[in-house]
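Undergrad:
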């Protein structure tokens, strides 16, 4: 799946987006993937706000949300490896069925005010069974399109569309948590995710992706590549920073007496993320991918420090818009890096490792942020997020020379399917 260094530095045009999104074989899975991934942000924020409303504690809510993210981090790699080996259809259908069962158990535990440990364990189970449509969708583009502008545009579309979901998700979650039943947003999100995963798994292009006939690689899988390990550190830092902010922002809104505004505030930085992300994909910078990863993470960490400055929610919203400008560029850089550093035949697993790193970062950030918020306030949590991002950006910079393509055979294309 690797390509030359010149390919991953090439520009993407608007025409490339049109070519990718109008490929006939991609239409059904692309629409189904939207449905499956639309509620991703809504589920996480809905669960956090639902637990907080039932327990009255942001610390408990952060732990349950972190447990879910840990489950996602494990499920992403396991499902990614299964998808690479057996094709996406069976793993995704199985995961969708298990998600329905595990989410039912979690809601029952929340409603019965079960012990925190029980809710955390069930949260982890729901994360583990979340269908990894994102990993399969991202890997599918590499089979439907040959290397070049349209494929790069498809990867950029994946990152940008996710930010659109992050715009809608927190806002919808913030509104639905005020419904007569606080779990409304969580239930709606699971129904959408289940439906989208089933439709994606049964689409013709996905069903043509059969079991792998190649040899098994290293037990490390995609992580056998040093560049993949560096990419995982960059993704971890990205998740840590966001995790801190996702708890600190609703806490700041609650502190200001406007708890329902917390989800809408989280949508603010996704707005600038999408707008800047499109422009960034047309002319990414820095040109060298090995430098791009630490520069974007370090810049993100620095901008998040500004969230500690405002004394009003309006000021916080403005700073969120500024900090959000570097979210989609990082997601796009991660997808581009996978194309370069992941060993052949590990596309879905490689994306799973990136998702694992992000979600572990989210889990760490959310759990620590909940403690910091309750003992030192939201401002301290924003500064801690910034410090963590800058430290991990330094680590990525020190490892920047590992971001290079391994020797591997190209992945077969289904562009004429």
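Numbering (my numbering), first residue to last: 655 to 1071. Even glycine gets a Cβ: it sits at the ideal position worked out from N, Cα and C.
1) Can you tell me which of 710, 813, 781 and 850 puts its alpha carbon nearest to the alpha carbon of residue 743?
2) Could you tell me how far apart the beta carbons of residue 946 and residue 907 are, in whole angstroms, since I believe they sit closer than 8 Å?
3) Using a Cβ-Cβ cut-off of 6 Å (strictly less than) and excluding sequence neighbours within five positions of residue 625, which residues of its own chain qualify?
4) Report yes or no: do three or more beta-carbon pairs, one from the segment 948 to 960 and one from the segment 887 to 894, lie closer than 8 Å?
5) Under the rule that 16 or more other beta-carbon atoms within 10 Å means buried, what is residue 692, buried or exposed?
6) Helix, strand or coil for residue 745 per DSSP?
7) Shortest alpha-carbon distance to residue 950 belongs to which of 974, 981 and 921?
8) Rounded to whole angstroms, what is the Cα-Cα separation between residue 992 and residue 1001?
9) Using CA coordinates, which residue listed in 845, 827 and 705 is at the minimum distance from residue 919?
10) Hey, would you say residue 775 sits closer than 9 Å to residue 899, going by beta carbons?
11) Please state the DSSP three-state secondary structure of residue 671.
12) Going by DSSP in three states, residue 1054 sits in which element: helix, strand or coil?
13) In the structure shown, what three-state DSSP assignment does residue 1009 receive?
14) Between 780, 1033, 782 and 813, which lies nearest to residue 959 when the distance is taken from Cα to Cα?
15) Write down the C-beta distance between residue 746 and residue 855 rounded to the nearest angstrom, noting that I regard them as a contact closer than 8 Å.
16) Taking only three categories from DSSP, how would you classify residue 882?
17) Touching or not, the segment 1034 to 1051 and the segment 909 to 924, by the rule of three or more beta carbon pairs under 8 Å?
18) Which residues in the same chain have their Cβ closer than 6 Å to the Cβ of residue 844, if we skip the five residues on either side of it in sequence?
19) Kindly indicate which three-state DSSP category residue 676 falls into: helix, strand or coil?
20) Find the nearest neighbour of residue 969 within the set 910, 884, 933 and 712, judged by alpha-carbon distance.
21) Considering residue 1073, what are the terminal residues of the alpha helix (DSSP H) in which it resides?
22) Any idea what DSSP makes of residue 1031, helix, strand or coil?
23) State the DSSP-derived secondary structure class of residue 974, mapped to helix, strand or coil.
TA: On the basis of the coordinates in this document:
1) 850
2) Actually they are not in contact, since the Cβ atoms of residue 946 and residue 907 sit about 33 Å apart, beyond 8 Å.
3) One cannot answer for residue 625 here, as it falls past the ends of the chain, which runs 655 to 1071.
4) yes
5) buried
6) helix
7) 981
8) 8 Å
9) 827
10) no
11) helix
12) helix
13) helix
14) 1033
15) 4 Å
16) helix
17) no
18) 757
19) coil
20) 910
21) No statement about residue 1073 is possible, as the shown extent of the chain runs from 655 to 1071 and does not include it.
22) coil
23) helix
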